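Student: This structure is in structure tokens; I'll ask about it shortly.
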Amino acid sequence: MLEISEDGRTWILSGPTSSYALHVTEHQELVHLHWGARIALADAEALAVRPLPEYWPFESPLDGREEYPVEGGPRFTRPALSVRTDERRGTEWTFERYEADGDELRIRFRDAGLTVTLHYRIRGDVVERWVTLENQGPVIEVLRADSATWTLPHRDGWRLSQLHGRWAAESRLVRSDLTYGEKVIGSRRGHTGHQHLPWVALDSDATEESGEVYGCALGWSGSWRIAVAQLPDARVQITGGAGHDDSGLLRLAAGESFTTPVFAGLWSDGGFGGASRAWHAYQRAYVIPDAGRDRPVLFNSWEATEFDISEEQQRALAQRAAEMGVELFVVDDGWFGARTSDRAGLGDWTPNPDRFPGGLKPLADHVHGLGMQFGIWVEPEMVNPDSELYRAHPDWVQYQPGRKRTEFRNQLVLNLAREDVQEYLWEQLDGLLSSAPIDYVKWDFNRCFTDAGWPGDPYPQRLWVDHVHALYALFDRLRAAHPGVAFESCSGGGGRIDLGVLSRTDQVWTSDNTDPLDRLAIQEGFSQIHPARVMAAWVTDSPNVMLNGRISSLRFRFVSAMAGVLGVGGDLTKWTAEELAEARDWVSLYKEIRPLVQRGDLYRLRPPRGGLSAVQYVLGDEAVVLAWLQAQSYGEPVPALRLRGLDPTASYECRETGEVYRGAVLLHHGLRTGLRGDLDAAVIRLRRI
Ligand code: GLA
């Protein structure tokens with residue numbers, strides 16, 4: 001809901017539990033009034049006339065109060081907007097007008113030929129913000145254009161939560177006290193990166209299920225930056241957007257415009273768990289395509305076979321996968337061009353004739369005949385120098401004139417800002433999806449930008465932004481032309497996970513780390529912001545082949561992966577008849593609990609910190625608990641799990657044991673899991689009776 005004061009200078013957006021209010025002063029300053037618990041328009045108006053605190057000449061009264069601090073004038077904070085023309089630098093704007101459009105508010109300012117429009121839209125309790133720049137004057141260089149600056153209220157001591165990582169260790173949660181100065185996270189790698197998910201949360205006294213939490217998440221799949229600043233008077237602002245540095249994002253000639261990605265903000269008073277559930281509901285309702293449709297159980301042989309694949313071998317795996325109840329069979333890397341290792345073939349998206357003599361169609365038909373969907377792996381934005389594509393177009397990659405072309409994993413990054421490259425990829429992928437009945441595409445991105453140059457282009461910096469726009473356009477075009485095809489975003493595991501890519505893909509590959517114990521922490525972090533509906537997780541072999549040789553039971557591996565979108569990624573030709581039978585039972589159990597996992601409310605009951613950890617999903621009258629015991633020490637009894645989200649006055653039947661529990665008892669005294677020893681796990685289903 002959007003309400004506007006009579007004088008048209010104070011606005012308040014309200015969701016079910018929260019409000020966001022702002023005001024433009026007579027001095028053309030757009031000031032922040034309120035973000036937090038729901039208030040009325042009259043409250044916002046009262047805030048708008050509250051006198052400012054007195055400032056000494058060494059501080060600015062604007063700092064920490066503005067909705068979108070521009071560069072220039074009496075401001076000393078990091079600017080959200082930094083522009084320059086041949087003549088001058090910075091912005092001095094005047095308020096032009098506002099436009100209200102349902103739950104969307106647009107506030108327009110003008111500085112000479114430049115129009116800056118701030119967009120606000122409330123969806124549930126999530127406020128989406130972005131900015132449009134339109135130039136009608138001489139050329140403007142946009143050094144920096146953040147999507148939004150968020151202002152927090154005064155509290156005693158802020159704490160920052162972030163998700164950090166690296167390859168095979170993504171999205172691990174850390175929480176630390178905020179101190180004076182700035183904390184900057186981001187990526188200068190050209191993609192979202194494994195190092196941080198573009199999300200922060202701030203609280204002063206929250207617990208998992210209580211207290212105020214402010215969260216901000218950016219929808220951008222290229223380089224990005226979020227800066228959290230605690231100013232000298234302890235005010236906190238969070239500013240973020242595309243690009244990492246302030247060294248030039250793009251240039252706008254007369255008639256050109258730029259729209260930033262969305263930076264979404266959420267206030268919740270339900271603790272970290274409440275905030276996560278609100279983020280999940282928002283993404284299911286507004287971001288993820290077709291989120292009401294559950295994702296199928298998939299099989300992928302990458303860990304088992306790597307590049308050593310053939311049609312016959314894939315047929316044999318498909319047979320076993322189908323018997324296990326798998327619903328989607330995916331051929332990973334190695335099916336195309338001269339791709340028998342990571343040294344060749346990227347860029348040539350036609351089936352390898354030695355491996356798939358009749359193309360992909362015979363295998364796809366066979367897989368369909370077994371009752372499964374068929375999927376493939378691609379990495380369209382890349383090229384191996386040893387490929388037909390590179391031999392024909394060595395200038396289609398990102399490179400700096402006269403400098404060496406850095407190879408990572410023997411590959412270079414295509415310059416997707418080029419229209420000929422965009423067209424080539426469209427033709428290749430459209431042709432591929434038309435050549436065989438393909439239902440699913442795992443879209444990978446396996447190296448960072450290093451030599452992002454574009455010889456001959458007058459403003460080569462723009463390729464950083466244009467690459468992402470071209471990627472999004474390609475997804476949009478492919479989805480429109482092939483509406484039955486689902487896409488997975490992968491980047492060496494979880495290197496490209498953000499609200500931007502999630503609005504165009506159906507799920508993400510969470511991590512190349514498939515160790516079921518490491519995954520618990522990765523999944524805990526992931527779940528802070530994104531729902532299980534998009535979190536792909538595979539059961540692979542034991543000992544773990546990719547990473548650490550850890551030995552774990554099939555039970556532990558399955559229960560770990562069942563917390564997300566279940567997949568199987570082991571070498572099924574080596575699994576015993578007993579293992580295959582056990583796996584079949586787990587897959588069928590997953591299908592039963594899938595609506596809860598993929599569409600239910602998530603409660604993190606205990607974090608994975610050595611002993612017992614658990615999550616619970618609740619949907620309607622049903623709940624399911626997934627519990628893991630890493631290690632039992634000193635023979636001490638494993639604690640009962642206090643459940644959440646149940647009706648205290650109702651009774652619940654345990655589907656595993658038939659026992660009946662009172663809701664209040666489960667909520668206050670807990671559920672005994674029966675777990676013991678090391679690496680034990682259980683799935684416990686409850687139904688209200
Ligand atoms: C990346 C992915 C893996 C696999 C390989 C194939 O590393 O994360 O799952 O697809 O590429 O080369």
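Per the working numbering, residue 1 is the first one in the sequence shown, and the count goes up by one each step.
Cβ coordinates follow ideal geometry from the N, Cα and C atoms, glycine included.
From a predicted model like this one, the values you see are computed outputs, not experimental measurements.
Count the other C-beta atoms from every protein chain shown that fall within 10 angstroms of the C-beta of residue 512, then say buried if there are 16 or more, exposed otherwise.
Tutor: Against the sequence shown, residue 512 aligns to sequence position 512. By the neighbour-count rule (16 or more Cβ atoms within 10 Å), residue 512 is buried.
Student: If you draw a straight line from the C-alpha of residue 508 to the C-alpha of residue 565, how long is it?
Tutor: Sequence index remark: in the sequence shown, residue 508 carries index 508 (1-based). Sequence index remark: in the sequence shown, residue 565 carries index 565 (1-based). For residue 508 and residue 565, the distance between alpha carbons rounds to 9 Å.
Student: Determine whether the beta carbon atoms of residue 559 and residue 628 lie at a separation below 8 Å.
Tutor: Position 559 of the sequence shown, counted from the start, is the residue given in the question as residue 559. Position 628 of the sequence shown, counted from the start, is the residue given in the question as residue 628. Cβ atoms of residue 559 and residue 628: closer than 8 Å.
Student: Is the distance from the Cβ of residue 150 to the Cβ of residue 238 below 8 Å?
Tutor: As a position in the sequence shown, residue 150 is number 150, starting the count at 1. As a position in the sequence shown, residue 238 is number 238, starting the count at 1. Yes, Cβ-Cβ distance for residue 150 and residue 238 is below 8 Å.
Student: Does the beta carbon of residue 490 fall short of 7 Å from some heavy atom of the ligand GLA?
Tutor: Residue mapping note: residue 490 aligns to position 490 of the sequence shown, counting from 1. For the ligand GLA, at least one heavy atom lies less than 7 Å from the Cβ of residue 490.
Student: Return the CA-CA distance between residue 383 and residue 551, expressed in angstroms with no decimal places.
Tutor: Position 383 of the sequence shown, counted from the start, is the residue given in the question as residue 383. Position 551 of the sequence shown, counted from the start, is the residue given in the question as residue 551. When rounded, the distance between both Cα atoms is 37 Å.
Student: Count the other CB atoms within 10 Å of the CB of residue 20; is the residue buried (16 or more) or exposed (fewer)?
Tutor: As a first step, residue 20 is located in the sequence shown; it is residue number 20 there, counting from the start. Classification of residue 20: buried, given that the 10 Å Cβ count is 16 or more.
Student: Let me check one thing: in DSSP terms, what residues is residue 351 bridge-paired to?
Tutor: Counted from its first residue, the sequence shown places residue 351 at position 351. DSSP lists 336 as partners of residue 351.
Student: Verify the contact flag: residue 446, CB atom, against every heavy atom of the ligand GLA, threshold strictly below 7 Å.
Tutor: Residue mapping note: residue 446 aligns to position 446 of the sequence shown, counting from 1. Residue 446 Cβ: within cutoff of the ligand GLA.
Student: Please confirm whether any heavy atom of the ligand GLA lies closer than 7 Å to the CB of residue 512.
Tutor: The residue given as residue 512 occupies position 512 in the sequence shown. Within the cutoff, so yes.
Student: Do you know offhand how far residue 402's Cα is from residue 528's?
Tutor: The residue given as residue 402 occupies position 402 in the sequence shown. The residue given as residue 528 occupies position 528 in the sequence shown. Their Cα atoms are separated by approximately 45 Å.
Student: Less than 7 Å between the CB of residue 63 and some heavy atom of the ligand GLA, yes or no?
Tutor: Position 63 of the sequence shown, counting from 1, holds the residue named residue 63. Taking 7 Å as the cut-off, one finds no heavy atom of the ligand GLA near enough to the beta carbon of residue 63.
Student: Does the distance from the CB of residue 50 to the CB of residue 63 come in under 8 Å?
Tutor: If you number the sequence shown from 1, residue 50 lands on position 50. If you number the sequence shown from 1, residue 63 lands on position 63. Cβ distance not < 8 Å, so residue 50 and residue 63 don't count as in contact.
Student: Looking at residue 335: is its Cβ nearer than 8 Å to the Cβ of residue 357?
Tutor: Position 335 of the sequence shown, counted from the first residue, corresponds to residue 335. Position 357 of the sequence shown, counted from the first residue, corresponds to residue 357. Cβ distance not < 8 Å, so residue 335 and residue 357 don't count as in contact.
Student: Please confirm whether any heavy atom of the ligand GLA lies closer than 7 Å to the CB of residue 493.
Tutor: One-based indexing of the sequence shown puts residue 493 at position 493. For the ligand GLA, at least one heavy atom lies less than 7 Å from the Cβ of residue 493.
Student: Where does residue 240 fall in DSSP's three states?
Tutor: Residue 240 sits at position 240 when you count from the first residue of the sequence shown. Under the three-state reduction of DSSP, residue 240 is assigned to strand.
Student: Any heavy atom of the ligand GLA inside 7 Å of the beta-carbon of residue 719?
Tutor: Any question about residue 719 goes unanswered here, given that the chain covers just 1 to 689.
Student: What's the gap between the Cα of residue 378 and the Cα of residue 479?
Tutor: Here residue 378 refers to the residue found at position 378 when the sequence shown is read from its first residue. Here residue 479 refers to the residue found at position 479 when the sequence shown is read from its first residue. So the alpha carbons of these two residues sit roughly 15 Å apart.
Student: Taking residue 438 as the reference, give the member of 445, 430 and 444 with the closest Cα.
Tutor: Counting from 1 along the sequence shown, the entry for residue 438 is found at position 438. Minimum Cα distance to residue 438 is reached at 430.
Student: By Cβ distance, which residues of its chain are closer than 7 Å to residue 545, with the 5 residues on each side in sequence left out?
Tutor: Residue numbering aside, residue 545 sits at position 545 when the sequence shown is read from its first letter. 303, listed in sequence order.
Student: So within the region 148-212, which uninterrupted beta strand (DSSP E) runs reach at least 3 residues, ignoring any that extend past its ends?
Tutor: 148-152, 159-164, 172-177, 181-187 and 196-203
Student: Could you check where the beta strand (DSSP E) with residue 306 kicks off and where it finishes?
Tutor: On the sequence shown, residue 306 is found 306 positions in, with the first residue counted as 1. Here residue 306 belongs to no beta strand (DSSP E), and DSSP marks it neither H nor E.
Student: Where are the beta strand (DSSP E) runs, 3 residues long or more, that stay fully inside the region 474-539, in chain order?
Tutor: 486-489, 507-509 and 535-539
Student: Residue range of the alpha helix (DSSP H) that residue 364 falls in?
Tutor: Along the sequence shown, one-based indexing puts residue 364 at 364. Note, residue 364: alpha helix (DSSP H), 361-369.
Student: From the DSSP output, in three-state form, read off residue 76 for me.
Tutor: The count along the sequence shown starts at 1 and reaches residue 76 at position 76. DSSP places residue 76 in coil when its eight states are reduced to three.
Student: Could I get the ranges of all uninterrupted beta strand (DSSP E) runs contained in the region 54-139, with 3 residues as the minimum, in chain order?
Tutor: 81-84, 94-101, 104-111, 114-123 and 126-135
Student: Counting along the chain, where does the beta strand (DSSP E) carrying residue 263 start and finish?
Tutor: For the purposes of this step, residue 263 is taken as residue 263 along the sequence shown, with counting starting at 1. Unbroken beta strand (DSSP E) run through residue 263: 263-268.
Student: Tell me, please, which residues DSSP counts as bridged to residue 411.
Tutor: Translated into the one-based positions of the sequence shown, residue 411 becomes position 411. DSSP lists 408 as partners of residue 411.
Student: Where residue 494 and residue 286 are concerned, what is the direct C-alpha to C-alpha distance, given to the nearest angstrom?
Tutor: In the sequence shown, counting from the first residue as 1, residue 494 sits at position 494. In the sequence shown, counting from the first residue as 1, residue 286 sits at position 286. Residue 494 and residue 286 have their C-alpha atoms spaced approximately 22 Å apart.
Student: Three or more C-beta pairs closer than 8 Å, one from the region 613-630 and one from the region 571-590: is that the case here?
Tutor: no
Student: Find the nearest neighbour of residue 676 within the set 523, 338, 635 and 658, judged by alpha-carbon distance.
Tutor: Taking the first residue of the sequence shown as 1, we reach residue 676 at position 676. Ranked by how close their Cα comes to the Cα of residue 676, the residues 523, 338, 635 and 658 have 635 in first place.
Student: Can you determine whether any heavy atom of the ligand GLA sits closer than 7 Å to the C-beta of residue 386, and answer yes or no?
Tutor: The count along the sequence shown starts at 1 and reaches residue 386 at position 386. It does not: the Cβ of residue 386 is nowhere closer than 7 Å to a heavy atom of the ligand GLA.
Student: Measuring alpha carbon to alpha carbon, tell me which of 639, 590 and 644 ends up nearest residue 296.
Tutor: Against the sequence shown, residue 296 aligns to sequence position 296. Answer by Cα proximity: 590.
Student: Ends of the alpha helix (DSSP H) at residue 392?
Tutor: Along the sequence shown, one-based indexing puts residue 392 at 392. Counting along the chain, the alpha helix (DSSP H) containing residue 392 begins and ends at 388-392.
Student: Residue 332: beta carbon under 7 Å from a heavy atom of the ligand GLA?
Tutor: What you label residue 332 is simply residue 332 of the sequence shown in a count that begins at 1. Yes; taking the cut-off as 7 Å, the Cβ of residue 332 has a heavy atom of the ligand GLA nearer than that.
Student: Which residue wins for smallest C-alpha separation from residue 35, given the options 59, 55, 218 and 66?
Tutor: Residue 35 sits at position 35 when you count from the first residue of the sequence shown. Closest option to residue 35, Cα to Cα, is 66.
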